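See below for the structure under consideration.
Numbering (this note's numbering), first residue to last: 505 to 963.
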């Protein structure tokens, strides 16, 4: 069995990576709107970041894993189900209401009829603004995206929580079979033509293929919580490169890509990545993350140097991906070899390197702690950066090199750094002002509501 005090900080690290993928995906899209599509070839945020929406898929797999992990010692019966739902609802809604409230205030106070959001304009024009807002705040599927468009992912989260809560009434031994049956229903619905690219009502939400990513994560959670972990180092390396390669290969989004395409491209390697990294932490072998990180960074950098986008020919993306993955494998092998030689010839140096590596890991875990706030708040941060860019455009000749679309890389570098720091600041602010106080408050309430329940440790 997995040790009871296993903290799963590595999963927090993955959450941080998932959040930053989404941040730079949206930053890339807004950069193209600001600088113009004609400058897309020279944008540093192209390449793998054009497929950064895969961070959502990684989030979904992580959610499935966490649901199984935090309920591994949950109390039986309705008390355990009630505690689970209470903890999930109070985890999701407070920060969502704060972020959605900011978005609604933006539209209300900045000339609603002219707001650049089709869903909001339509709701105002036909007089259904109150219903649109009500469904948005309570994460009920509707034809249009919610007032803060990122909320569409939370609709999937809440649906998964509700179904999983029902599965908790079953004996733990029956959970794998229930998850398998759930997956069969999703596959059958797709084969019958019942699934849609977007969840616009409860039926299309219930039958959406993205649910498979939750199920993948839950299956991995069952394996890890039962102590079934093996070859975690090589699995982590392979899964990380597989996930990165698919970021490189992904073409323009199609209805298939919105459904099974992303499930197969990112859900499966994402599940293996969680299995591997949780296994590394279980066995105390997180040092494997160093060659894995080297492989991913080199692979991504080599692909970025090709200057390709999702609109590039599949043959070009495929060839560049093969070169990038090969470079990543060489980098991983080099780091492993240097680590072995260092351990044999210069153990003191290896020991001194441990502290900065641990500091980087801890920093990544902190970003993971803020990941939910980063996810919901980064759009506001990027909006602020775009506003600053517009100011720079009229600030005079001194600012010209820093305006998006200008020759050179100064504009891209300034934009990337500003977006990164802005997203972190938004995440830290949301976490400190809303998320952490709400978690503390509702943890106290939960203990009083469920005094006899064996509460699972929050991750």
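Backbone N, C-alpha and C fix where the C-beta goes; we use that ideal spot for every residue, glycine too. Treat the numbers as computed from the prediction; the structure is a model and nothing was measured.
In the DSSP assignment, residue 770 falls outside any alpha helix (DSSP H) and carries neither an H nor an E. Between the region 819 to 833 and the region 777 to 788 there are fewer than three inter-stretch CB-CB distances shorter than 8 Å, so the stretches are not counted as touching.
The DSSP-derived three-state label of residue 940 is helix. Under the 8 Å Cβ criterion, the region 734 to 743 does not count as touching the region 586 to 596, having fewer than three qualifying pairs. Excluding the 5 residues flanking it on each side, residue 853 has same chain C-beta neighbours closer than 7 Å at 846, in chain order. Taking the CA atoms as reference points, residue 557 sits about 5 Å from residue 526. The closest CA to that of residue 733, considering only 689, 706 and 787, is found on 787. Here residue 912 is exposed, its C-beta having fewer than 16 other C-beta atoms within 10 Å. When C-beta atoms of the region 868 to 877 are compared with those of the region 510 to 521, three or more pairs fall below 8 Å, so the two segments count as touching.
If you compare the alpha carbons of 729, 719, 933 and 814 with that of residue 774, the shortest gap goes to 719. Residue 550 sits close to residue 813, with the two beta carbons spaced by under 8 Å. DSSP, reduced to helix, strand and coil, places residue 785 within a helical segment of the structure shown.
Two segments are said to touch when three or more pairs of C-beta atoms, one from each, lie closer than 8 Å; by this definition the region 795 to 810 touches the region 744 to 757. Taking the CA atoms as reference points, residue 906 sits about 43 Å from residue 593.
As summarised for the region 667 to 736, the continuous alpha helix (DSSP H) elements at least 4 residues long and confined to that stretch are 679 to 695, 706 to 710 and 715 to 729, given in chain order. Assigned with DSSP and collapsed to three states, residue 748 falls in helix. The alpha-carbon of residue 855 is positioned some 15 Å away from that of residue 839.
For residue 758, the three-state secondary structure derived from DSSP is coil. By the C-beta criterion, the region 678 to 691 is judged to be in contact with the region 704 to 715, since at least 3 inter-stretch pairs fall below 8 Å. A check of alpha carbon separations from residue 717 across 877, 948, 568 and 936 identifies 568 as the nearest. In the assembly as shown, residue 514 is a buried residue. Its beta-carbon has 16 or more other beta-carbons within 10 Å. Listed in chain order, the non-local C-beta contacts of residue 704 below 8 Å within the same chain comprise 645, 646 and 647, local neighbours out to five positions each way being set aside.
DSSP places residue 532 inside the alpha helix (DSSP H), whose first and last residues are 513 to 539. With contacts defined as CB atoms closer than 8 Å, residue 604 and residue 650 qualify as a contacting pair.
When only Cα atoms are considered, residue 921 and residue 882 end up about 13 Å apart. Take residue 878, set aside five residues on each side of it, and the residues of its chain with a beta-carbon closer than 6 Å to its own are 523, 927 and 931, in chain order. About 31 Å separates the beta carbons of residue 673 and residue 880, which is beyond the 8 Å limit, so they are not a contact pair. With fewer than 16 neighbouring CB atoms inside 10 Å of its own CB, residue 756 falls in the exposed class.
By the neighbour-count definition (other C-beta atoms within 10 Å, threshold 16), residue 664 is a buried residue. For residue 929, the enclosing alpha helix (DSSP H) begins and ends at 914 to 934. DSSP places residue 904 in no alpha helix (DSSP H); its state is neither H nor E. Counting only runs of 4+ residues, the alpha helix (DSSP H) found wholly inside the region 827 to 887 occupies 851 to 873, in chain order.
Classified as buried, residue 784 has 16 or more neighbouring CB atoms from the shown chains inside 10 Å of its CB. Here residue 896 carries a helix assignment [DSSP, helix/strand/coil].
For the pair residue 943 and residue 949, the Cα-to-Cα distance works out to about 10 Å.
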